[in-house]
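Trainee: Position 34 (the sequence shown) corresponds to 67 in our numbering; numbering is contiguous.
Beta carbons are placed, not taken as given, at the ideal position from N, Cα and C, and that holds for glycine.
Before I ask anything, here is the structure I am working with.
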Amino acid sequence: MAAAVCWQAVPWWPWCCASAPRWSSARKWRGRCAVNAVEAKRVLIMAGGTGGHVFPALAVADELRARGCAVNWLGTRRGIEARLVPEHGYPIHFLKVAGLRGVGIRARLRAVLSLAAAGVQAFAAVRRLRPQVVLGFGGFAAGPGGMAARALGIPLVIHEQNAIAGTTNRLLARFATRVLSAFPDVLPGTRQCGNPVRAAITALAATPLDRAHAGPARLLVLGGSLGARALNTLVPAALALLPTAARPVVRHQCGEAHLAAARAAYAEAGVEAEVMPFIADMAEAYGWADFAICRAGALTVSELAAAGLPAILVPYPHAIDDHQYHNARWLVQGGAALLFREETLDSVQLAAAVAELSTDPPRRAAMATQARGLALPDAAQAVAAACLEVAR
Numbered sequence: 034m035a036a037a038v039c040w041q042a043v044p045w046w047p048w049c050c051a052s053a054p055r056w057s058s059a060r061k062w063r064g065r066c067a068v069n070a071v072e073a074k075r076v077l078i079m080a081g082g083t084g085g086h087v088f089p090a091l092a093v094a095d096e097l098r099a100r101g102c103a104v105n106w107l108g109t110r111r112g113i114e115a116r117l118v119p120e121h122g123y124p125i126h127f128l129k130v131a132g133l134r135g136v137g138i139r140a141r142l143r144a145v146l147s148l149a150a151a152g153v154q155a156f157a158a159v160r161r162l163r164p165q166v167v168l169g170f171g172g173f174a175a176g177p178g179g180m181a182a183r184a185l186g187i188p189l190v191i192h193e194q195n196a197i198a199g200t201t202n203r204l205l206a207r208f209a210t211r212v213l214s215a216f217p218d219v220l221p222g223t224r225q226c227g228n229p230v231r232a233a234i235t236a237l238a239a240t241p242l243d244r245a246h247a248g249p250a251r252l253l254v255l256g257g258s259l260g261a262r263a264l265n266t267l268v269p270a271a272l273a274l275l276p277t278a279a280r281p282v283v284r285h286q287c288g289e290a291h292l293a294a295a296r297a298a299y300a301e302a303g304v305e306a307e308v309m310p311f312i313a314d315m316a317e318a319y320g321w322a323d324f325a326i327c328r329a330g331a332l333t334v335s336e337l338a339a340a341g342l343p344a345i346l347v348p349y350p351h352a353i354d355d356h357q358y359h360n361a362r363w364l365v366q367g368g369a370a371l372l373f374r375e376e377t378l379d380s381v382q383l384a385a386a387v388a389e390l391s392t393d394p395p396r397r398a399a400m401a402t403q404a405r406g407l408a409l410p411d412a413a414q415a416v417a418a419a420c421l422e423v424a425r
């Protein structure tokens, strides 16, 4: 959070240099900043709430910073951006805002009032920061920030990560300067560029697809940062139905809150597995695995494609507009994944799917090739280039 505090103390610092002044001469400092301010494009990124918005935005922020841009961030204190963005070295500025959707008249009224207040805050923040382009990835702060950019005549670029556009991006797309998306035909006039993913995972797109190794197949189970309770119980039950010799080696990321329950489920099923709350090195995990069982968040789907990893996808059934199902269909239609609805999936069906992929290396290899063919590994560069094209 130090970066945000520093910004308040020295309003012109983030745009000018990568670190606070270390010499005593204020005149030298101001002169140095004046030169750098001319050279550096000022970019304001709006992304928050969940990793699906924040991680792609961070990938683009890193690309913009590598190109000499000065990046600031607009978000909320309750989203994961409040922790992640300062950790990556970007100044962040907070709005108080609720989501556009809610249950009941009171909830919606509070959201409207909160949105109005956030609009005033966003206008003040954007006017103070004076970005030359504003980039929105969705999340609670993107709506007010995008409207402020329009009111101030600042070019607006938006990126939609899911196959079904969210409420904020549907609104902003009507007047955005550029509309980018991970999937085709998401919004009118959109340009498909893929989802920006972390550099270590993007690098997997250049690695050989041959995963030949001794021993059983390797299964990676991903429940997301918060875990997926259904997968934590369904996967052990399904594996228990397979003969011991036919079972894959399992790594299961279950989420911190579900760690004890997931380990207990495997123990009760008599199935050996490496169960962990989170995976710090996802690139290594993707490279290790022969196939995966996971949800179908936009970032996960894009990472599977970049890694060339076949998957059994079980979309989260309560996702807004069922967007995870539509994300999954992109891989399925491309021949890179199998798709099951959680509402109708049982352990017998899942066991059959696991057995099918575990015992058929040529099938996995074909799916891996199809997945890699769908990947757009230069997404971060494409988004950064679009921003610099329209920056005034």
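Taking just the CA atoms, how far does isoleucine 78 sit from isoleucine 125?
Mentor: If I take the Cα positions, the gap works out to 9 Å.
Trainee: With DSSP run on the structure shown, which of helix, strand or coil describes isoleucine 113?
Mentor: Coil, per DSSP.
Trainee: Nearest by alpha-carbon distance to lysine 129: which of Leu189, Ala149, Ala313 is it?
Mentor: Among Leu189, Ala149, Ala313, the Cα nearest to that of lysine 129 belongs to Ala149.
Trainee: Does DSSP put leucine 255 in a helix, in a strand, or in coil?
Mentor: Residue state, collapsed to three classes: strand.
Trainee: Since I believe leucine 117 is in contact with leucine 91 (beta carbons under 8 Å), could you give me their beta-carbon distance rounded to a whole number of angstroms?
Mentor: Confirmed, about 7 Å.
Trainee: Any idea if proline 269 is buried or exposed, counting beta-carbon neighbours within 10 angstroms, 16 or more meaning buried?
Mentor: Result: buried.
Trainee: Where does valine 93 sit, in a helix, a strand or coil, going by DSSP?
Mentor: Three-state result, valine 93: helix.
Trainee: Under a CB-based cut-off of 8 Å, is glycine 137 close to chain C?
Mentor: Checking the listed chains, one finds no chain C in this structure; it contains a single protein chain.
Trainee: Which same chain residues, not among the five before or five after glutamine 414, have their C-beta less than 8 Å away from its C-beta?
Mentor: Counting only Cβ-Cβ distances below 8 Å, and skipping sequence neighbours, we find Glu96.
Trainee: In the DSSP output, what is asparagine 105 paired with across the bridge?
Mentor: Answer is Leu77, bridged to asparagine 105.
Trainee: Quick check on the DSSP output: what are the complete alpha helix (DSSP H) runs of length 4 or more inside the segment 283–323, in order along the chain?
Mentor: Listed in chain order, they are 292–302, 315–321.
Trainee: Just how far apart, CA to CA, sit alanine 322 and leucine 371?
Mentor: Between alanine 322 and leucine 371, the C-alpha separation is close to 16 Å.
Trainee: Taking C-beta to C-beta, are glycine 178 and valine 159 nearer than 8 Å?
Mentor: Cβ atoms of glycine 178 and valine 159: closer than 8 Å.
Trainee: Mind the definition here: the segment 190–207 touches the segment 165–173 only if three or more C-beta pairs lie below 8 Å; say whether that holds.
Mentor: Counting Cβ pairs under 8 Å, three or more are found: they touch.
Trainee: Out of Val212, Ile234, Val283, which one is the CA nearest neighbour of phenylalanine 88?
Mentor: Among Val212, Ile234, Val283, the Cα nearest to that of phenylalanine 88 belongs to Ile234.
Trainee: For alanine 99, count neighbouring Cβ atoms within 10 angstroms of its own Cβ and tell me buried if that reaches 16, exposed if not.
Mentor: Under this definition alanine 99 is an exposed residue.
Trainee: So is proline 229 buried or exposed if we call it buried at 16+ other beta carbons inside 10 Å?
Mentor: Counting Cβ neighbours within 10 Å, proline 229 comes out buried, since at least 16 surround it.
Trainee: Does DSSP classify glycine 82 as helix, strand or coil?
Mentor: Residue state, collapsed to three classes: coil.
Trainee: Three-state secondary structure (DSSP) at glycine 169?
Mentor: Strand.
Trainee: Does DSSP put valine 347 in a helix, in a strand, or in coil?
Mentor: Looking at valine 347 - three-state DSSP - the assignment turns out to be coil, as it is neither helix nor strand.
Trainee: Could you check how far apart the C-beta atoms of leucine 378 and valine 347 are, in whole angstroms? I think they sit under 8 Å.
Mentor: 6 Å between Cβ atoms; contact.
Trainee: Distance, Cα to Cα, alanine 80 vs alanine 181?
Mentor: Straight-line Cα distance between these residues: approximately 15 Å.
Trainee: What do you reckon, are the CB atoms on glutamine 194 and glycine 85 nearer than 8 Å?
Mentor: Yes, Cβ-Cβ distance for glutamine 194 and glycine 85 is below 8 Å.
Trainee: Of the choices Val387, Tyr358, Val166, Ala215, whose alpha-carbon is the least far from that of histidine 192?
Mentor: That would be Ala215, whose Cα lies nearest to the Cα of histidine 192.
Trainee: Please classify alanine 215: does DSSP put it in a helix, a strand, or coil?
Mentor: Coil at alanine 215, not helix or strand.
Trainee: Among residues of its own chain, excluding the 5 on either side of glutamine 403, which ones have a beta-carbon nearer than 8 Å to its beta-carbon?
Mentor: Gly367, Gly368, Ala369.
Trainee: For proline 281 versus alanine 250, is the C-beta spacing smaller than 8 Å?
Mentor: A contact, by the Cβ cut-off of 8 Å.
Trainee: Can you tell me whether alanine 417 is buried or exposed? The criterion is at least 16 other CB atoms within 10 Å of its CB, across all chains shown.
Mentor: Alanine 417 is buried by the Cβ-count criterion.
Trainee: Would you call the CB atoms of leucine 220 and phenylalanine 324 closer than 8 Å?
Mentor: Result no, Cβ atoms of leucine 220 and phenylalanine 324 do not sit closer than 8 Å.
Trainee: Leaving out five residues on either side along the sequence, give the residues of the same chain with a beta carbon under 7 Å from the beta carbon of glycine 222.
Mentor: Only Val212 meet the Cβ criterion.
Trainee: Helix, strand or coil for histidine 126, going by three-state DSSP, please let me know.
Mentor: Strand.
Trainee: Assuming arginine 284 and alanine 318 form a contact by the criterion Cβ under 8 Å, report the distance between their Cβ atoms to the nearest whole angstrom.
Mentor: With 8 Å as the limit, arginine 284 and alanine 318 qualify as a contact, their Cβ atoms being about 7 Å apart.
Trainee: Secondary structure at glutamate 427, three-state DSSP: helix, strand or coil?
Mentor: The structure shown has nothing for residue 427, since the chain only spans 34 to 425.
Trainee: Report the option in Leu364, Ala388, Ala184 whose CA atom is closest to the CA atom of valine 153.
Mentor: Answer by Cα proximity: Ala184.
Trainee: Report the rounded CA-to-CA distance for glycine 341 versus leucine 237, giving the unit in angstroms.
Mentor: When rounded, the distance between both Cα atoms is 8 Å.
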